[in-house]
Amino acid sequence: MKQEVKVPKASAPWAAGASSPRVTKVSTFLTAPVGIPLVVVKIETSEAGLIGWGCASDPQRPLAIRTVIDTYLGPLLIGRPSGDIDDFHHLASLSPYWRGGAIENNALAGIDVALWDIKGKAAAMPVHQLLGGQVRTYVPVYGHAGGRDHAELIDAVHRYKDRGYEYIRCQIEVSGADTYGVSGSSDDKLLAQKQARAIPWTPRPYPAAVVQMFAAVREAIGFDIEILHDVHERLDAVSAVRLSRELDEFRLFFLEDALAPEDSEWYHHMRQHSTTPQAVGEVYSGAREFLPLISARLIDFARIRMCSIGGLTPTVKLAHLCEAFGVRLAIHGPGDVSPIGHAAGIHVDASSRAFGIQESVEFPEVMCEVFPGAPLVMNGRHLVSQAPGLGVEYDERAGARYTHPSPLTFDSWALLRREDGSVARP
Ligand code: GCO
Ligand code: MG
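With our numbering, the residue at position 352 of the sequence shown is 343, and numbering never jumps.
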């Protein structure tokens, strides 16, 4: 006798009826108000006027990210409830059989952040309220002081200090290494950056220059101000450990990207030789890359670039993990993250006990025109927006005035080589 096999029908939790407005349209916009290419995502819903804005910015691959959103993730989202963010996140991250990667995660981040914006607006609450509520009244940020020599750098440090900054990142120019500007990208600056990277990178003078720089900075400003530095993965592993140890006496708030992702196992050695706090993660392209470093307490600050790991959803999960392991957040916030992305970071900072520091930029007027509500720095701090959602909008008409530079404009990282002609890390 033929036996009847009962096949259970799988249906999404919302199939019986959506609990939140459905997504009706997903669009992407390219803009570059200060010359840096930014990708903005807009999500519209079945509720008139209820829309969300997301940031999917990566200055090197904006067009690829836009294609993933327009061609794959956007159509996948249409018709689904805007409120079931985690469900969509899971679905979207499994939708390509070969998962993850910076481009896919960036595209997903743009959508994810826009969905949180919608959720907040639908609830008439700022996003940090949805994350558990505010645990601090303001969010301190660090300033970026750079100089060609000690005098220029110390001058820049004083200017930040006078404007209320309590945390200052110090970078000095050495042959083949610029100061990793985050603020602007005028044609002049881009040219200078390209010229700097055309000079061969010789690792030898750099560590000594950094030690001398901090000796001069501490002598000039004492120990009241927190100081930071970004190595930008330039050193071989053992030189990075040695540099970190030599910097111990200057009591840095953190040393950033001392080791490249391919050398991250070396953090075990770093811990045994240096007490300088380590900040890592802006080049990681998935939340999982953080796990071994956080769970073994090998790093002190997780420098999450929200766009590259899939948005606010995985960032919040990592924030909880950081809290459990005593690691702090230092969310990546340079000029190549849009004000929408910055706002998303500040909502996490405002609601997380794991908060350490926020990287930020002072947005010029033109950015505030294109992104009404762009987070502003006052006295070295961000206030926490109380507007529903993220609190930042995108003015489509204003944004359209600033077209993207040609695709290879921001590819200058790959220009850097060592004296023997081999390619150097950025
Ligand atoms: C930082 C970073 C940036 C990156 C940039 C790459 O710490 O702010 O290192 O300046 O270099 O985001 O596009
Ligand atoms: Mg960095």
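Yeah, the Cβ is synthetic: ideal placement off N, Cα and C, and Gly gets one too.
Span separating the alpha-carbon of residue i from that of residue j
i, j, result
"F274", "I285", "Note that residue 274 is Val in the sequence shown, not Phe. Taking the straight line joining both Cα atoms gives about 16 angstroms."
"R408", "E387", "40 angstroms"
"I27", "P396", "8 angstroms"
"V232", "M116", "45 angstroms"
"R279", "K(-7)", "48 angstroms"
"L144", "I159", "11 angstroms"
"H80", "H338", "19 angstroms"
"D421", "F401", "The requested residue 421 does not occur in the structure, where the chain is confined to residues -8 to 417."
"D219", "L182", "Note that residue 219 is Leu in the sequence shown, not Asp. About 26 angstroms."
"G302", "P87", "18 angstroms"
"A136", "H149", "9 angstroms"
"A249", "V104", "30 angstroms"
"H323", "E314", "18 angstroms"
"P194", "R225", "7 angstroms"
"I56", "A47", "7 angstroms"
"V126", "E217", "22 angstroms"
"G74", "G43", "11 angstroms"
Buried versus exposed, by CB contacts within 10 Å (16 or more), residue i
i, result
"H259", "exposed"
"A7", "exposed"
"E(-5)", "exposed"
"S11", "buried"
"I69", "exposed"
"E256", "exposed"
"S235", "buried"
"A147", "buried"
"S351", "buried"
"D49", "buried"
"P(-2)", "Position check: residue -2 holds Val in this sequence, whereas Pro was assumed. By the neighbour-count rule (16 or more Cβ atoms within 10 Å), V(-2) is not buried but exposed."
"F418", "The requested residue 418 is not part of the displayed model; the chain covers only -8 to 417."
"W89", "exposed"
heavy atom of the ligand GCO below 8 angstroms from residue i C-beta
i, result
"P417", "yes"
"H260", "no"
"Q51", "yes"
"R388", "no"
"E273", "yes"
"E157", "no"
"D402", "no"
"D327", "yes"
"E350", "yes"
Check: residue i C-beta below 8 angstroms from any heavy atom of the ligand MG
i, result
"E280", "no"
"D248", "yes"
"R319", "no"
"H223", "yes"
"R294", "yes"
"H338", "no"
"H323", "yes"
Any C-beta of chain C under 9 angstroms from that of residue i
i, result
"P191", "The structure shown contains no chain C; it is built from a single protein chain."
Report task. Check whether the stretch 116 to 130 touches the stretch 196 to 214, counting contact only when three or more Cβ pairs, one atom from each stretch, lie closer than 8 angstroms. Result -> Taking 8 angstroms as the limit for Cβ pairs, the verdict is that the stretch 196 to 214 does not touch the stretch 116 to 130.
Query raised in the report: If you pair each beta-carbon of the stretch 58 to 73 with each one of the stretch 90 to 102, do three or more pairs fall below 8 angstroms?
Result: Because the criterion of three Cβ pairs below 8 angstroms is met, the stretch 58 to 73 and the stretch 90 to 102 touch.
**Report entry** Three or more C-beta pairs below 8 angstroms linking the stretch 238 to 248 and the stretch 258 to 272
**Finding:** Yes, since at least three Cβ pairs between the stretch 238 to 248 and the stretch 258 to 272 fall closer than 8 angstroms, the two stretches touch.
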